[in-house]
Amino acid sequence: MSTSEKTRIVGASVPRKEGVDKLLGRARYVDDIQRDGMIHGATVRSTIPRGFIRSITFHHRIHWPEFTVVTAADIPGNNHIQLIFADQPCLADGIVNHCDEAIVLLAHPDKHKLREAVSAVKIDYEPLPPIFSIEESERQEVIVWGSDNLLKSFLLEKGDVDSAWEQAAHIVEGEYRTGAQEHLYIENNGVIAEWSATDGVTVWGSLQCPYYVHKSLLAVFDLPEDKVRVIQTETGGAFGGKEDYPSTLASHAALLAMKCGRPVKMVYDRMEDLAATTKRHPSRVRHRTALDGDGKLLAMEISVDTDGGAYSTLSSTVLSRATLHAPGPYVCPNVRIRSHAWATNTVPYGAFRGFGAPQAIFAIERHMDEIASALGIDPIELRRRNFLREGDTTATEQGMREPVILDQLLDRALLESDFYAKRKKFAQENPCSSVKRGMGIAAFFHGAGFTGSGERYLNSLAGLDVTPEAKVRLLVSSTEFGQGTNTVLAQIAAETLGIGYNDVVMAPPDTAIVPNSGPTVASRTSMVVGRLIERAGLQLLDILRQHAGLTANFTNEDFFSACARYRSTHGEVRSMCRYEAPPNIFWDDQTYRGEAYPAFAWSIHVAQVAVDTVTYSAEVEDFWAVQEVGRVLNPVLAGGQIEGGVAQGIGYALYEKVVWQNGHMANNQMTNYIMPTAEDIPPIHVFFEEIPFRYGGFGAKGIGELPHDGPAPAILNAIKAAIGVGFRAIPLLPEDLFVELSAREAIVEAGAL
Amino acid sequence: MTNPNPTIRFHLNGQDCSVQSPPMKRLLDVLREDLHLTGTKEGCGEGECGSCSVRMNGELVNSCLVPILQADGASIQTVEGLVNSGTLHPLQLAFLNCGGAQCGICTPGMLMAASQLLSINPHPTMAEIREGLAGNLCRCTGFMRIFESVVAAAASAAPQPANQASHAR
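Protein sequence lines, in the order shown, are assigned to chains Y and F.
Following our numbering, the numbering of the first sequence begins with 267 at its first residue and continues without gaps.
Following our numbering, the numbering of the second sequence begins with 141 at its first residue and continues without gaps.
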């Protein structure tokens, strides 16, 4: 098995494949691209959260014949964005269900004229009552989606929860909430679209999933597959925010292009991107937990509720991942999880790194510290007593067949962070200081790849060919947006084929050239697509040995000579592989049981936090992330994934708050939606333990999403350790600390009188 | 009708340059649209993210906040001007090797901020690096490897005794 062999290129920190282009400023992002005759598009959006559209009028101050105008009536196919369900219109027709919903599209050669024109389109509404929260939606007094506001629900049951309460020595309850979070990729959403009667629709764009956009355009334009072509341009950050939204934007630009017969560029500015595109689902998670006298989990009753926004988009699968991560990395004989995604009248929430898991992990990992307090047990010890270990089963009764080394990760995290010594030191120092310090921990797992039977449905196809110019070219629709897809897949190919890293190139991420290797999401690329590339490489070597005289111990030259011989006799040198599930994997969508994920990555985070009781600011001073993600294919890139995810998690916990005003994001600017800067992020110490996963590309499991799961609970647990207050909601801003702490001070003072 | 736009002359990446432009057009747009130097990126359009950072008269500026008229007679450097006769700048090399660039969209601005920092402070401490880059947002890296890149570039530009190098971290 390749995973245990010594490797030349896999495991080395080779430089990023497209790195030089990015450093020279010559990488071509969508806004850097011009097409002949290209004009610009803009969007007229709803200004109310819910209501009927009574009329659309175009003010005479604008010379409208200069403009291309598109409404829902111009859509040749179906007026919906094809994703999981078909409930979201491409353009609102007769009714709007959230603020900033697209109603009319405009295009003009001079982009500066578009702003004035957008403001000159007047929409008259007959308002309907909107709802903005999980509580309003679940009350079902106002129905805004379907017959019950319920976008999706799941019920997961293991054992007999109802009988467990009687035997319990302790029962601990808690409710935990998380807010919306904006992706804040530095490059806003943008596309260029062209249309012709002969070739159909072509789109270039900043996006994660070319084939998602492709599928959606087929429906909107009612075209056959070969008449829609989607090409990813260099993409300046995504984090899930360019998973589903580009399907909408691409449809808009393509509708304008079809109507005016010219290429149309639509690149959002920051305010539009923040107001109109998806964000992380807000959540409310309730735990009721039974424990025996030794602090062992007896039963977990969990309800997970998310706010899905106005349309279903990816809410069902986000909810699924939240449900499956809700019990945390613990073993418990009796579990019941009820979960619901509720419709409201805000912009639809969508994919964001972690995809439901950060919300669920925040709840369980805060709850574990609350349990520890209630029982008077050390939170470290409580976790240790309940960790999943090899041979245990999860809430879905998935057996842990691979090694689980949470104890080892925990030991390492405690050692590296000097946890106990610091905890003791802070306990001594805090009473005499206005700055109170604490150490907090989070233990968690993250399922790699699509949930349940998802990878089977995806049925991904990937491979490679060899060009006459003697380059191995990777044929994948898996995209690069900073995480390192190009680099790690090229490393895998070079390693497998025994050639140089520089002999491998990426085929353009263009649906006319590359097959559907599945979406670039769910921490699946290294594990699933990497494995397909590895298999395709081995298959190519077999072909060359059998048909082109490739011998053992070949050089680069021998390899490409063999390819040339094969080409002269057989034509194209190409090797493709389709996904095969690991053996003995079973998942039942109906009962929600079985192997929820092919593999889990495991991690312990430790945060050292200082709370200033004068200014009410909480500062993360130091951070440790220890994880097992299978084989580490490229240490520099892997470390960068962990650090970047931790930084986003710190923002999620302490900085980033979406402020809603009647369903519109009120702080849709970088001036007042605050992410952590270079001065806010503490040193992040990253440590890997490696256990190669035999069914992942060279032993890799998923890595990208994992680091976003842990920081928020670790930080709030550290705050609890510092000041004795267990906050149960994020984001936790200084004003929240002020309100809570000053209220407590008032009580103390009143008590002293 | 004669062109009402003034001619604005400046020094760009070591070369004389002139454009006829509406005086309030943003330097960012002149660079990208008139001069086709698309290395400089727009992230927020309000001076918060630093993606459009360029060096102007020895200072770091957000080119989205500079009307082109203000650049008349100025000396400006963009990311395209960092390469010296085909050789990567020590910062570019360090970013490549240390993983200082992920998605790459903040990278040109980050490189300009880092080069500005090193030009006035060749051996910055970690606190000085953090402060020097605080106006440039990166959403991918968590900044750690960007700091490391700056430290590496500073060290490669002028090797220091070991005790000073450790002080820089």
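From the three backbone atoms N, C-alpha and C, an ideal C-beta is built for every residue, glycine too.
Who are the near neighbours of residue i in its chain, counting only those whose CB is closer than 6 Å to its CB and skipping five residues on each side?
i	result
Y/Lys493	Gly466
Y/Val925	Ala932, Asn933
Y/Glu392	Gly317, Phe318, Arg320
Y/Trp853	Gly718, Ser719, Gly860, Glu861
Y/Gly905	Val952
Y/Thr876	The sequence shown places Ala at residue 876 of chain Y, rather than the Thr named in the question. Taken in chain order, the residues that qualify are Val701, Arg703, Glu885, Glu887.
F/Thr281	Gln242
Counting only Cβ pairs nearer than 7 Å, list the residues of chain Y close to residue i.
i	result
F/Asn237	Pro281
F/Met284	Glu909, Ile950
F/Ala274	Thr943, Ala944, Glu945
F/Val132	Given that chain F is displayed from residue 141 to residue 309, the structure contains no residue 132 of chain F and the question cannot be resolved.
Against residue i, what residues of chain F qualify as contacts under a CB-to-CB distance less than 8 Å, listed in chain order?
i	result
Y/Ile497	Near Y/Ile497 there are no residues of chain F at all, since even the closest Cβ is about 18 Å away, more than 8 Å.
Y/Val912	Gly282
Y/Asp684	Under the 8 Å cutoff, chain F gives no residues; its nearest Cβ is about 19 Å from Y/Asp684.
Excluding the 5 residues flanking residue i on each side, which residues of the same chain have their C-beta closer than 7 Å to its C-beta?
i	result
Y/Tyr295	Glu453, Ser472, Thr499, Glu500, Gly502
Y/Asp975	Gly620, Ala623, Pro624, Ile627, Phe710, His712
Does the distance from the C-beta atom of residue i to that of residue j stay below 8 Å?
i	j	result
Y/Val291	F/Glu220	The question names Val, yet the displayed sequence has Gly at residue 291 of chain Y. Taking 8 Å as the Cβ cut-off, Y/Gly291 and F/Glu220 qualify as a contacting pair.
Y/Ser549	Y/Gln625	yes
Y/Val570	Y/Ala588	yes
Y/Ala760	Y/Val771	no
Y/Ala485	Y/Val469	no
Y/Val795	Y/Val732	no
Y/Lys545	Y/Phe618	yes
F/Met266	F/Arg195	no
Y/Thr777	Y/Ser744	no
Y/Glu894	Y/Ile671	yes
Y/Leu590	Y/Ile870	no
Y/Gly929	Y/His364	yes
Y/Glu800	Y/Phe692	no
F/Glu117	F/Ser191	Nothing can be reported for residue 117 of chain F, as the shown portion of chain F is limited to 141 through 309.
F/Cys278	F/Cys246	yes
Y/Leu740	Y/Leu806	no
DSSP state of residue i, grouped into three classes?
i	result
Y/Pro595	coil
Y/Phe628	helix
Y/Leu740	strand
F/Ala294	helix
Y/Tyr921	coil
Y/Ala1062	This structure gives no information on residue 1062 of chain Y, because the portion of chain Y shown stretches from 267 to 1019.
Y/Cys356	coil
F/Thr147	strand
Y/Phe413	The question names Phe, but residue 413 of chain Y in the sequence shown is Ser. Y/Ser413: coil per DSSP, three-state reduction.
Y/Phe826	helix
F/Pro299	Unreliable placement is indicated for F/Pro299, whose pLDDT of 47 sits below 50; the coordinate value is still reported in the next sentence. Coil at F/Pro299, not helix or strand.
Y/His449	coil
Y/Asp854	strand
With a CB to CB cut of under 8 Å and the five nearest residues on each side skipped, what residues in its chain are close to residue i?
i	result
Y/Ser279	Asn900, Pro901, Val902, Leu903
Y/Arg844	Asn725, Ser726, Leu727, Leu798
Give the residues of chain Y in contact with residue i, contact being defined as C-beta atoms less than 8 Å apart.
i	result
F/Arg270	Ala944, Glu945
Listing by chain order, which chain F residues have their CB less than 7 Å from the CB of residue i?
i	result
Y/Phe225	Residue coverage of chain Y in this structure runs from 267 to 1019, which leaves residue 225 of chain Y outside it and unanswerable.
Y/Gln935	Glu186
Y/Val286	Leu236
Y/Tyr767	Neighbours of Y/Tyr767 on chain F: none; closest Cβ ~14 Å, over 7 Å.
Y/Gly503	Cys243, Ile245, Arg279, Cys280
Cβ closer than 9 Å: which chain F residues qualify as neighbours of residue i?
i	result
Y/Leu903	Gly239, Gln242
Y/Asp535	Glu182, Cys184, Gly185
So residue i contacts chain Y; which residues on that side make the cut at Cβ distance below 9 Å?
i	result
F/Gly220	Note that residue 220 of chain F is Glu in the sequence shown, not Gly. Per Cβ cutoff of 9 Å: Leu290, Gly291, Arg292.
F/Thr178	Gly291, Arg292, Arg294, Tyr295, Asp297, Asp298, Ile299
Give a single yes or no on whether residue i has its beta carbon closer than 7 Å to a heavy atom of the ligand NAD.
i	result
Y/Glu432	Judged by which ligands are present, the structure shown has none, so any question about the ligand NAD falls away.
Completely contained beta strand (DSSP E) runs for the segment 524 to 602 of chain Y, where each covers 3 or more residues: Runs of the beta strand (DSSP E) inside the segment 524 to 602 of chain Y: 530 to 533, 549 to 557, 563 to 575.
Unbroken stretches of the alpha helix (DSSP H), 4 residues or longer, contained in the segment 629 to 659 of chain Y: Entirely contained in the segment 629 to 659 of chain Y, the alpha helix (DSSP H) runs reaching 4 residues are, in chain order, 645 to 652.
Complete runs of the beta strand (DSSP E) confined to the segment 698 to 738 of chain Y [at least 3 residues]: Segments of the beta strand (DSSP E) lying fully in the segment 698 to 738 of chain Y: 701 to 714, 727 to 732.
Entirely enclosed alpha helix (DSSP H) segments - the segment 215 to 267 of chain F, minimum 4 residues: The segment 215 to 267 of chain F contains these whole alpha helix (DSSP H) runs: 230 to 238, 247 to 260.
Under 8 Å (Cβ pairs) to chain B, residues found in the segment 146 to 170 of chain F: The displayed structure is made up of protein chains Y and F, and chain B is not among them.
Those runs of the beta strand (DSSP E) which lie wholly inside the segment 834 to 885 of chain Y and span at least 3 residues: Whole beta strand (DSSP E) segments, 3+ residues: 839 to 844, 865 to 878.
Unbroken stretches of the beta strand (DSSP E), 3 residues or longer, contained in the segment 158 to 221 of chain F: Whole beta strand (DSSP E) segments, 3+ residues: 193 to 196, 199 to 202, 215 to 217.
4-residue-minimum alpha helix (DSSP H) runs that sit fully inside the segment 949 to 992 of chain Y, ordered along the chain: DSSP runs (the alpha helix (DSSP H)) wholly in the segment 949 to 992 of chain Y: 972 to 975, 977 to 989.
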